[in-house]
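Working notes, beginning with the structure itself.
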Amino acid sequence: MVSEEDKNNYESDSAPNKAVNLTHQEQEVITKAYNAWSDTLKFPAIGPFHAFSRDFGSNIMELYKFNQSLIQFQATLADYWTQIEKAYVQAMNEVALGAPEHYSTKQDLEKYRKLMIDSFEKSFSALYSSKEFAILQSKAKSNELELLKCLQDNVEKNFTLLNLPTRKEVDVISEDVHDLKRQVRDLKKKLEVLTIDDTKDIPT
Amino acid sequence: MTQKIFPPDNQIGIPVGGEKKVAAGSLGDTVMELQEVYRKVNKMRSTLYAAGDVEVGNTPHETIYETRIYRLLHYMPMVSRTARTPLLLVYALINRSYILDLQPDKSWIRSLLKQGFDVYLIDWKPPSPVDKYVSFDDYVNYYIDDCLEIVLDKSHTEKVTLHGYCMGSTMSVMYAALHEEKVRNLATIAPVIDSEKDKTVLANFSKCMDFESMFNSLGNMPQEQLHLSFSALKPFKQGLNKYLNLIEHIDDEDFVLNFLRIEKWLYDTPPIAGETFRQWISDIYQKNLLINNEMKLGGEIVDLSKIRIPVLNIIAEEDHLVSPACSASLNDVISSRDKRIMRFHTGHVGLIASNYSQNNVLPKVGQWLRSRSQ
C-alpha cells in the first residue's frame, strides 16, 4: 500500500522527467534562444569571448589532459622522493654507526665530517648510478615536459587572438632559415671552386 | 678587483673585534670559535657573490673571425719561431673555453705557447632559440671547417694539428674522419667515443633520457637542465665538501681566487643547440653509433677507420665525466700506425687546469706534438 507521503515523494522525484518531456513548441523556443545567444557571442566586439566559447570543448580536453599529466607527475615524484629518502636513510645509518662517541677534540669533529661526506657520497653515487633511478628521473622529466607542453599548447592557441606568430610558426621559420643558410654556404663553396677552375683555364 | 672579491670584514656585517667581549674559559673559547666560523661563513657568502667578477682567459689573443655561433681566437706567440704546423683547439659545447686559459700558472694554452706552438681556439658562443636546428653536421662540416680554412690561410700551411677537449675532442675525431686531408695530427683529451664503456653517472642519465620531449618542448637544452645533471656528479665530495674547504681557507687569497675561477667556469654553462643535443644523446650515448662507424653527418658516414694520421689520446684515469675506457676505444678503431694513449692519474678538469697538468701532462703532450709539427 502506498502512503500519501510516498506519493508526494514519488511526484517530487519524477519532476525531472517532466522537464525532459518538453513539447515541440518548448523545444523550439529553447533552440531559438540558444541560437540567438550563440549569434550574439559572435559579434566582433565580443570576438575573443566567442573564440573562447568556440574552443570550449577543446579547452576542457586540454584541462583534462593537464590534470592527468599533473597526477602522473605527482605519482612519479612520489617514487623519486622515496628513492632519495632511502639513500638518505642509508647514509644516515652509516653515519650513526661510525660516528665517534665523544666530540672532545677537533680531530673528532673532522672525523665526523669525513664520515658524513663519505657516507652520503657513497649512498647517493650508488643511487645516481643505478638504472632504476635514471629511468625514474627521465620519467619525472618527461612528465614535467608533458605539463609544460599542455601549457604551451594552451598559450599558443590564444596567441592567434593577439595576431602573434605561434611558437610552431617561428619554429618552421627557424628551420627554413637554417636550411637556407646551409644552402647559401654550399653554393658559395661551389662558386669558389668554379672561380678557381676558371682562373686555371686562363692562358698566361 | 681584489677589493670587490675580498671586501673588508666590516663591510659584510661581521662584528670587528667582537671576540674581546667574550669571557675567558672553555665556554668562552667555544663562543669565540663560533664567532670565527660566523665570520668565515659570511666572508664566504660575499666572496661567492663576486665569483662572476674574477678574471679568466688573460693570455693575449686577437679575435680573427667572429659569427653568431663562434669566435676564432689567435693567441700571440710567446717564442720567436713557432712550430710550422699551427694548432687548432676545438673546445666543447659544455661550459666555456676559458678553462683552457684559467690563470697564467694553470693555463693549457699558455703552456703550449711557451713550448713554441702557434695556437688558435674555437670559442663557441651560446646558441639562441633560433639555433635549435644547428646540428653536429653544422659544427663539424661547416664551423670547424670554416675555422680550419681561415687558420690554413693565415698560417700559409696545408695542414693543422687538431686538438680537442671533451665534446670538442669527439667533434675533432668526426672532422678528422671526414676531412683527413687537412689534418696533420689529432690530439684528443677525454673524447666520448664508445658510450657502452662509459659507466659514469652522466652516461647513466643520458642513456635513459627522453630527448625527443626535450627537443620538442624546450628547443635548446637549457643550462638549468645541464646543472641538474652535473650536480649529481660527486654530489657531496664536490658539491658540499668544497664549500667546507673554502670556509677553512677563506683568508688564503690564492686559494680563494683559484676556487672562484673554477666555480665561475662550473656555473658558466650555456645552453646546447637542440638538434646537436638530440644527436649527442641519441646517436652517441643511446645508439653508440660513433664507435660502430654508423654515425652520419650531412648524409656521410663517419668512418673512424679512415683516420690514418698520428693520433694522441690523452686520458684522465679518475675522470668522472667520461670513463677512461670510453675514450681509449678510439685507438682500437682508427687505422693510424702512429697512435698513442697517455694516461694520467687525475680528473677531467685536473687534466687541463691544475699544477699537476702543468708539471706532468703538458710537457709530455708538448713533446709528442713538437716532434710531429715541424
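Protein chains in written order, with the working numbering: chain A, 1 to 204; chain B, 1001 to 1374. Think of the CB as a built atom: it goes at the ideal place given N, C-alpha and C, for glycine as much as any other residue. Everything numeric in this text was worked out from a predicted model, so none of it was measured.
query                                                                                                                   : result
DSSP three-state assignment for residue 1119(B), whether helix, strand or coil                                          : strand
Cutoff 8 Å; reference residue 1266(B); Cβ partners in own chain excluding five residues on either side                  : 1095 and 1230
Contact check, residue 1083(B) vs residue 1370(B), beta carbons under 8 Å                                               : yes
Presumed contact (8 Å Cβ cut-off) between residue 1291(B) and residue 1108(B), rounded CB distance                      : Not really, about 27 Å apart at Cβ, beyond 8 Å.
For residue 1163(B): DSSP bridge partner residues                                                                       : 1089(B) and 1187(B)
Through-space distance from residue 1189(B) to residue 1295(B), alpha-carbon basis                                      : 21 Å
Partner residues on chain B for residue 135(A), Cβ-Cβ distance less than 8 Å                                            : 1208
Three-way DSSP call (helix, strand, coil) for residue 1109(B) in this model                                             : helix
Rounded C-alpha distance that separates residue 1013(B) from residue 127(A)                                             : Only weak support exists for where residue 1013(B) lies, its pLDDT of 48 falling under 50; the value from the coordinates is given anyway. Their backbone Cα atoms lie some 40 Å apart in a straight line.
Contacting positions in the region 1105 to 1131 of chain B - beta carbon closer than 7 Å to chain A                     : 1130
Selected residue, minimal CA-CA separation from residue 1053(B), among 1197(B), 1247(B) and 1258(B)                     : 1258(B)
Member of 70(A), 143(A), 197(A) and 181(A) whose CA lies at the smallest distance from the CA of residue 1130(B)        : 181(A)
Bridge partners - residue 1100(B), DSSP secondary structure assignment                                                  : Bridge partners of residue 1100(B): none, in fact.
C-alpha distance - residue 165(A) paired with residue 33(A), whole-angstrom precision                                   : 37 Å
7 Å Cβ shell around residue 1196(B) - same chain, five flanking residues per side excluded                              : 1288
Contact set between residue 1241(B) and chain A, taken where Cβ atoms lie within less than 7 Å                          : 117
Contained alpha helix (DSSP H) runs [length at least 4] in the region 65 to 129 of chain A, N- to C-terminal order      : 106 to 129
Enclosing beta strand (DSSP E) for residue 1313(B) [first to last residue]                                              : 1311 to 1316
Any 3 or more C-beta pairs closer than 8 Å across the region 101 to 110 of chain A and the region 130 to 148 of chain A : no
Minimum Cβ-Cβ distance from residue 175(A) to chain B less than 8 Å                                                     : yes
Chain-ordered chain B contacts of residue 124(A) [CB-CB under 9 Å]                                                      : 1232, 1235 and 1236
Residues near residue 1184(B) in its chain [Cβ-Cβ closer than 6 Å; skip 5 each side]                                    : 1085, 1159 and 1161
C-beta atoms of residue 1152(B) and residue 1119(B) nearer than 8 Å                                                     : no
Residue 24(A) (DSSP reduced to helix, strand or coil)                                                                   : helix
Cβ pair count under 8 Å reaching 3, the region 1323 to 1336 of chain B against the region 1351 to 1367 of chain B       : no
Contacting residues, own chain, Cβ-Cβ under 8 Å from residue 1150(B) (five flanking each side not counted)              : 1064, 1065 and 1072
Residue 1023(B) classed as buried or exposed, judged by whether at least 16 other C-beta atoms fall within 10 angstroms : With a pLDDT of only 46 at residue 1023(B), under 50, the local geometry of the prediction cannot be trusted, and the value read off the model is given with reservation. Classification for residue 1023(B): exposed.
Within 8 Å of chain A by C-beta, residues of the region 1274 to 1303 of chain B in sequence order                       : none
Where residue 1134(B) falls, given that 16 or more other Cβ within 10 Å makes a residue buried                          : buried
Residue-chain proximity (residue 1136(B), chain A), Cβ-Cβ < 8 Å                                                         : no
Residue 1206(B) versus residue 1281(B): straight-line alpha-carbon distance, rounded                                    : 6 Å
Sequence-distant residues of its chain with Cβ nearer than 8 Å to residue 1354(B) (five each side left out)             : 1106 and 1346
Cα-Cα separation between residue 1274(B) and residue 1168(B), rounded to whole angstroms                                : 17 Å
Chain-ordered chain A contacts of residue 1201(B) [CB-CB under 8 Å]                                                     : 125, 128 and 129
Residue 1299(B) versus residue 179(A): straight-line alpha-carbon distance, rounded                                     : 14 Å
Residue from 1193(B), 1348(B) and 1233(B) with nearest C-alpha to residue 1302(B)                                       : 1193(B)
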